[in-house]
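K.L.:
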Amino acid sequence: MKPSADQYAPFTPTGDALVLASASSAAERDLLNDWLERQRHANPGSKIDVLLLPDDDPPPGVLAQLVGELEAGEDRSVVPARVFWVPGGLPTRSKVVALISGRDTYRPPEILQRRILRRDPSRARVVAGEPAKVSELRQQWADTTVAENPREFARFVIRRAILAIERVELRLLGPEYKSPRLIKPELLASARFREGLERIPGADLETAGEMLDELSTGWSRFSVDLIPSLGRAIFSRGFDPNIDYDRAEVEVMRRNLENHPAVLLFSHRSYLDGVIVPVAMQENRLPPVHTFAGINLSFGFMGPLMRHSGVIFLRRKLDDPLYKYVLRQFVGYIVEKRFNLSWSIEGTRSRTGKMLPPKLGLLAYVADAYLDGRSEDILLQPVSISFDQLHETAEYAAYARGGEKTPESLSWMYNFIKAQGERNYGKIYVRFPEAVSMREYLGAPHGPMTTDADAKRLALQKMAFEVSWRILSATPVNASALVSALLLSTRGVALTLDQIHHTLQPSLDYLERKQTPMTNSALRLRTPEGVRAALDALSNRHPVTCVEGGRELVWRIAPEDEHEAAFYRNTLIDAFLETSLVELALVHAGRAESDRLEAFWSQVMRLRDLLKFDFYFADSAAFRDHVAEELSWHSGWEEQVSAGEEQVDALLRTKQPLLAAAMLRPFFEAYEIVADVLRDAPAEINEKDLTKRALGLGNQYVAQSRVRSNEAVSALLFATARQVAADQHLLEPAADLVERRTAFRDELRAVLHDMDKVEQIAREQFYVRELGRRAARRGST
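Quick note, the working numbering runs 3 ahead of the 1-based positions in the sequence shown.
Set out below in structure tokens:
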């Protein structure tokens, strides 16, 4: 059944017609009767019968009556009709209660309906879908479901009628109210679903139905209005209520969503991300998304509230073959009906500020749906969500020191929302960069990758990497990140406002030259007033400390606040990553014995390999092109590198900014601590023991000033360092394991030694700029 072209026009029956009507109150039945009289008067030669259907599952008597009506003739038209209530008039408190219970919150209570219609008759109208013949419906039933008996056919017709009316009402309400209906009965009746179920040992329809109940979700009409409003109320306690968008990106995405289903894959820095996505969709009048979340978030009244707000709760372990099958079919149904899905591509919150490696599990289910022919294409829509500041950084700092995660609960949620109102955290930025086509990476549906698991996994990895890369490229650099990066590089030494302003300018020049997106707060760092605004926002140990009482104010990051500041600094490292590796490789090449140009390229690729678990890089060829472009700004750089250390140093002194130490020292120091622990550790030491030893040794090295920053002593960084060691085959028994572990530690120490030289030259540049600034000040006075 299709919605009629004009939702308000009467239907035009051809011959015998059966109207399947939903009108469950006296007021609605009066509206329906008036509408039917008009249809009969307009079509005097047609026979129009009516069968009233209840809102929920029809009782046996009604179902039997429908069976008889459907058997009356194959050419008979079936017309779905329902009373549609225009939104408005119901108290919010009543709507919230109805939302949690799952009732239709747009339909006023029966006791109020006549009063509402007396005041405003336009508040309700009868809507109808285009007629469909019984023969057409019967063919659809035979093609898509297990055709068992006339009662099942009657249920199928009811489902088609409901869906047809939903589509009509969607046209009245707008795309932001689009939501799946009848997932469970549609799937359980599906021939495809039951055929697959038969291949799973011990599987039965009842258990599968219970799993579908567990996965069930959907946006009620009021939740489309309520949840974004609640979300905005939560984040507006601490953030500017106006989210910053790129309007051109929004319009491109709108056009894309009209043609294909999409998976919105967002970056994840905060619990607020799951709140912000539905807000962004609703206020831009885009179709709502259905978001996957861990079952741990289904606590208290939040469970039913979130289920009716598009959240799909997943079990933590997907080790049950039946559950995996049901989930795969559930995802396939959502995609086939062109509804949109969403989850964090990182799988969990990044507690360090930089993007985590992408997770492929759910993406594989969507790929299966595409390869099965459920859709001509599926778009993977990257979503960048970033913040000027976050209150969660204190929690992340505790994790870095070895703390444990607080379990989610109602009290946890209360404390989280309360913390949002403690101060002003600035703005929220949402970007929708260009979508990634699944068809482009997987080929046409039913193609070779349907059976080639290895090829499919490689394509999934490439797709996920491309999505993450686009998120990183679209995320704007903000003032909090730039100021934190600068003050972290001084290792606790305070700077004046003029010094901070002056030192930030080369970094801003570099970002503009690379056309890196920046927030307005970052652009305002061109002025002392903009720098002061950023410092004020970060002060009171959030994480900057302002030292007052002297001749002038100075600002610093205290050692105990380095972990929080590192979160902000880490959000921008990717913007400076390639240039930082260039600096380290130049120093390495300068002290090489022969073929210094080859030594440069070898080292820059080696550094890329060492950091691949912490950062995203372009593929090898593109990365080399980026490096060459970076150095092309310096005329004759290859000759200078080949000439030896003195000329390399001269090249580095002309390069601004020099950021290798500011960006990468904590990571290489964390790697070096873990490498040092491994020298006398068991061959197959587990992650928990390795982290414990590394924290202990790291604290010792901080006390002895053998590492430069507290932030290097981090359980979060040690986890990645362990991956690096495993990639170097240093966690496997071998005859020469001790020697290779020692060599690895020495290699890292050499990198840090090169970093010392870069830092020394950067410090010299600072003092030269400082002398120039002071001279200019004296000249102006």
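A virtual CB, placed ideally from N, CA and C, is assigned to each residue, including glycine.
1) Measure the beta-carbon distance from Leu485 to Leu528 and round it to whole angstroms, keeping in mind my assumption that it falls under 8 Å.
2) Buried or exposed: where does His271 fall if 16 or more other Cβ atoms within 10 Å of its Cβ makes it buried?
3) Alpha carbon to alpha carbon, what distance is there between Pro385 and Leu788?
4) For Leu610, does the three-state DSSP call read helix, strand or coil?
5) Short of 6 Å in beta carbon distance, which residues of its chain neighbour Lys517, apart from the five on each side in sequence? Order them along the chain.
6) Thinking C-beta only, is Val89 closer than 8 Å to Arg32?
7) Leaving aside the five residues before and after Thr745 along the sequence, list all residues of the same chain whose C-beta is less than 7 Å from its C-beta, in chain order.
8) Going by the CB atoms, is the gap between Leu655 and Leu589 shorter than 8 Å?
9) Check whether the Cβ atoms of Ala403 and Ser717 lie closer than 8 Å to each other.
10) Apart from the five residues just before and just after Ala621, which ones in its own chain have a Cβ nearer than 7 Å to its Cβ?
11) Report the option in Trp558, His505 and Asp19 whose CA atom is closest to the CA atom of Ala75.
12) Which stretch, first to last residue, makes up the alpha helix (DSSP H) that contains Ala422?
13) Select from Val149, Thr453, Ala578 and Glu407 the residue whose C-alpha is nearest the C-alpha of Ala477.
14) Tell me whether Ile298 is buried or exposed, calling it buried when 16 or more other Cβ atoms sit within 10 Å of its Cβ.
15) Using only alpha-carbon positions, find the residue among Leu700, Ala631 and Ser347 that is nearest to Gly364.
16) Cutting at 7 Å between CB atoms, please list the residues of its own chain near Val607, excluding the five before and the five after it.
17) Provide the residue(s) that pair with Gln384 in DSSP beta bridges, ordered along the chain.
18) Using a Cβ-Cβ cutoff of less than 7 Å, which residues in the same chain neighbour Leu634 once the five nearest sequence positions on both sides are dropped?
19) Check for me: the alpha helix (DSSP H) holding Ser345 runs from which residue to which?
20) Is Val547 helix, strand or coil by DSSP?
21) In this structure, what does DSSP give as the bridge partners for Ser558?
22) Tell me which residue opens and which closes the alpha helix (DSSP H) that Asp577 is part of.
23) Contact between the region 525 to 543 and the region 497 to 506 is defined here as three or more beta-carbon pairs at a separation below 8 Å; is this criterion met?
24) Is the beta carbon of Arg117 less than 8 Å from the beta carbon of Ser25?
25) Run through the DSSP bridge pairs and tell me what Trp472 is partnered with.
26) Between which two residues does the alpha helix (DSSP H) carrying Thr657 extend?
27) For the candidate residues Val334, Ser49 and Val741, whose alpha-carbon lies nearest to that of Ile381?
28) Runs of 4 residues minimum, wholly inside the region 715 to 759: which ones carry the alpha helix (DSSP H) assignment?
29) Check whether the region 364 to 380 and the region 439 to 455 are in contact - that is, three or more C-beta pairs closer than 8 Å.
30) Within 10 Å of its beta-carbon, does Gly71 have 16 or more other beta-carbons around it, so buried, or fewer, so exposed?
31) For Gln392, count neighbouring C-beta atoms within 10 Å of its own C-beta (all shown protein chains included) and say buried if the count is 16 or more, exposed if not.
32) Taking Arg434 as the reference, which of Pro509, Asn481, Val253 and Glu563 has the closest Cα?
33) Return the CA-CA distance between Ser613 and Leu755, expressed in angstroms with no decimal places.
34) So, is Lys760 buried or exposed, given that buried needs 16 or more other C-beta atoms within 10 angstroms?
35) Which class does Lys2 belong to by DSSP, given the choice of helix, strand or coil?
36) With respect to the beta strand (DSSP E) encompassing Arg128, which residues constitute its N-terminal and C-terminal limits?
P.N.:
If we stick to the structure as given:
1) Position 482 of the sequence shown, counted from the start, is the residue given in the question as residue 485. Position 525 of the sequence shown, counted from the start, is the residue given in the question as residue 528. Yes, Leu485 and Leu528 are in contact; Cβ-Cβ is about 6 Å, under 8 Å.
2) In the sequence shown, residue 271 corresponds to position 268, counting from 1. Buried: at least 16 other Cβ atoms inside 10 Å.
3) Nothing about residue 788 can be read from this structure; the chain reaches only from 4 to 784.
4) The residue given as residue 610 occupies position 607 in the sequence shown. Leu610: helix per DSSP, three-state reduction.
5) Here residue 517 refers to the residue found at position 514 of the sequence shown. Here the set comprises nothing.
6) What you label residue 32 is simply residue 29 of the sequence shown in a count that begins at 1. What you label residue 89 is simply residue 86 of the sequence shown in a count that begins at 1. Cβ distance not < 8 Å, so Arg32 and Val89 don't count as in contact.
7) Against the sequence shown, residue 745 aligns to sequence position 742. So the list reads Arg682, once near-sequence residues are dropped.
8) Position 586 of the sequence shown, counted from the start, is the residue given in the question as residue 589. Position 652 of the sequence shown, counted from the start, is the residue given in the question as residue 655. Going by C-beta atoms, Leu589 is nearer than 8 Å to Leu655.
9) Locating residue 403 in the sequence shown gives position 400, where the first residue counts as 1. Locating residue 717 in the sequence shown gives position 714, where the first residue counts as 1. Cβ distance < 8 Å, so Ala403 and Ser717 count as in contact.
10) Reading the sequence shown from its first residue, position 618 is the one you call residue 621. Within the same chain, Ala621 has close Cβ partners His629.
11) For this step, residue 75 is matched to residue 72 along the sequence shown. Nearest C-alpha to Ala75: Asp19.
12) The count along the sequence shown starts at 1 and reaches residue 422 at position 419. Taken as a continuous stretch (DSSP letters only), the alpha helix (DSSP H) holding Ala422 covers Leu413 to Gln423.
13) Stepping through the sequence shown from its first residue, residue 477 is reached at position 474. Taking only the C-alpha atoms, the option nearest Ala477 is Ala578.
14) Within the sequence shown, numbered from 1, the residue matching residue 298 stands at position 295. Looking at its Cβ environment, which holds fewer than 16 other Cβ atoms inside 10 Å, Ile298 is exposed.
15) The residue labelled residue 364 in the question sits at position 361 within the sequence shown. Nearest of Leu700, Ala631 and Ser347 to Gly364, Cα basis: Ser347.
16) In the sequence shown, counting from the first residue as 1, residue 607 sits at position 604. So the qualifying residues of the chain are Leu584, Val585, Ala588 and Val630.
17) Locating residue 384 in the sequence shown gives position 381, where the first residue counts as 1. According to DSSP, Gln384 bridges with Leu267.
18) As a working note, residue 634 is residue 631 in the sequence shown. So the list reads Val585 and Trp640, once near-sequence residues are dropped.
19) Along the sequence shown, read from residue 1 onward, the residue named residue 345 stands at position 342. That residue, Ser345, is in no alpha helix (DSSP H); its beta strand (DSSP E) goes Asn343 to Ser347.
20) One-based indexing of the sequence shown puts residue 547 at position 544. Correct three-state label for Val547: coil.
21) Numbered from 1 along the sequence shown, position 555 holds the residue referred to as residue 558. The amino acid occupying residue 558 in the given sequence is Trp; Ser does not appear at that position. BP columns for Trp558 point to Leu498 and Cys549.
22) Against the sequence shown, residue 577 aligns to sequence position 574. Element bounds for Asp577: Ile576 to Gly593.
23) yes
24) Here residue 117 is taken as the residue at index 114 of the sequence shown, counted from 1. Here residue 25 is taken as the residue at index 22 of the sequence shown, counted from 1. Going by C-beta atoms, Arg117 is not nearer than 8 Å to Ser25.
25) For the purposes of this step, residue 472 is identified with residue 469 of the sequence shown, where counting begins at 1. Beta-bridge pairing links Trp472 to no other residue.
26) Here residue 657 refers to the residue found at position 654 of the sequence shown. That run of the alpha helix (DSSP H) goes Glu648 to Thr657.
27) Your numbering for residue 381 matches position 378 in the sequence shown. Comparing Cα positions, the closest option is Val334.
28) 718 to 730
29) yes
30) Translated into the one-based positions of the sequence shown, residue 71 becomes position 68. Exposed is the call here.
31) Your numbering for residue 392 matches position 389 in the sequence shown. That one is buried.
32) Counting from one through the sequence shown, the residue named residue 434 turns up at place 431. Per the Cα distances, Val253.
33) For the purposes of this step, residue 613 is taken as the residue at position 610 of the sequence shown. For the purposes of this step, residue 755 is taken as the residue at position 752 of the sequence shown. Per the sequence shown, the amino acid found at residue 613 is Leu instead of Ser. The alpha-carbon atoms of Leu613 and Leu755 are separated by roughly 13 Å.
34) Residue mapping note: residue 760 aligns to position 757 of the sequence shown, counting from 1. Answer is buried; the Cβ neighbour count reaches 16.
35) Because the chain here runs from 4 to 784, residue 2 falls outside it and cannot be looked at.
36) One-based indexing of the sequence shown puts residue 128 at position 125. Where Arg128 is concerned, the enclosing beta strand (DSSP E) stretches over Ala127 to Ala131.
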